[in-house]
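The structure appears below as structure tokens.
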Amino acid sequence: MKDNDQLRNEEKIKFSPNEIKFLSSNEACRIATISPENTPHVAPVSYFFEKGLFYFATDYETRKYKNLKKNPKIALVVDVYSSVNNIAVIIHGRIKFIERGTIFERLYDIFDRKFEWVRQDPWKEGEAPFVEVNAYKKISWGLD
28 MKDNDQLRNE EKIKFSPNEI KFLSSNEACR IATISPENTP HVAPVSYFFE
78 KGLFYFATDY ETRKYKNLKK NPKIALVVDV YSSVNNIAVI IHGRIKFIER
128 GTIFERLYDI FDRKFEWVRQ DPWKEGEAPF VEVNAYKKIS WGLD
């Protein structure tokens, strides 16, 4: 018998055209992970959204990497706060590390073009992974 997370993970989350436009036009989000001691950890990251998947980079020494290595579940929020109109997309997902190969190279090229910090502090395969986030649950508002 499959647990709820396995069932949800097999269903491809569909994003609306407005959600896709919003997620594609932003580059910063907050992620939440859980430590082995069940302590939540929230961190801002730069991300790239493509074909329903989120990608971000991290270092091997970070708490988020260590947490995700032990528990691949993640929450991610992209939002714009305004006292009048809040916009947000929140997802729950599972991650996969991308450390080498053609997918790593393609993601690195995208991040290098998109983010100045990558050009200022470059890295190679095996030095820092990309994290792919595949959503199994989604909540959004302000994007009607």
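So the sequence shown is numbered by the working numbering: it starts at 28 and just counts up by one. Here a beta-carbon is modelled for each residue, glycine too, at the ideal position from N, C-alpha and C.
Query raised in the report: Between which two residues does the beta strand (DSSP E) carrying Phe81 extend?
Result: For Phe81, the enclosing beta strand (DSSP E) stretches over residues Leu80 to Ala84.
Query raised in the report: From which residue to which residue does the beta strand (DSSP E) around Trp150 run?
Result: Run containing Trp150: none; DSSP gives neither H nor E here.
Report task. Apply the 10 Å Cβ neighbour rule to Glu46 and answer buried if 16 or more other Cβ atoms are within range, or exposed otherwise. Result -> Taking every protein chain shown into account, the CB of Glu46 has 16 or more other CB atoms within 10 angstroms, so this residue is buried.
Query - Whole-angstrom C-beta distance between Phe124 and Gly79, which should lie under 8 Å - result: Under the criterion of beta carbons closer than 8 Å, Gly79 and Phe124 do not qualify as touching, at roughly 18 Å.
**Report entry** Rounded C-alpha distance that separates Ala70 from Ala102
**Finding:** The alpha-carbon atoms of Ala70 and Ala102 are separated by roughly 11 Å.
Query raised in the report: What are the uninterrupted segments assigned as beta strand (DSSP E) that are 3 or more residues long and contained completely in the segment 55-120, given in chain order?
Result: Taken in chain order, the whole beta strand (DSSP E) runs of length 3 or more contained in the segment 55-120 are 55-61, 67-73, 75-77, 80-84 and 100-107.
Query - Secondary structure of Lys41, DSSP reduced to three states - result: Coil.
Report task. Could you check if Gly128 is buried or exposed, using at least 16 other CB atoms within 10 Å of its CB as the buried criterion? Result -> Looking at its Cβ environment, which holds fewer than 16 other Cβ atoms inside 10 Å, Gly128 is exposed.
Requested in this report: Can you check DSSP and say which residues form a bridge with Trp168?
Outcome: As computed with DSSP, Trp168 is found in a beta bridge with Ala115.
Report task. Report all residues from its chain with a CB closer than 8 Å to the CB of Arg146; omit the five preceding and five following residues, and keep chain order. Result -> Closer than 8 Å at the Cβ level, and outside the excluded window around Arg146, lie Asp139.
Requested in this report: Identify whether Phe124 lies in helix, strand or coil by the three-state DSSP scheme.
Outcome: It is a strand residue.
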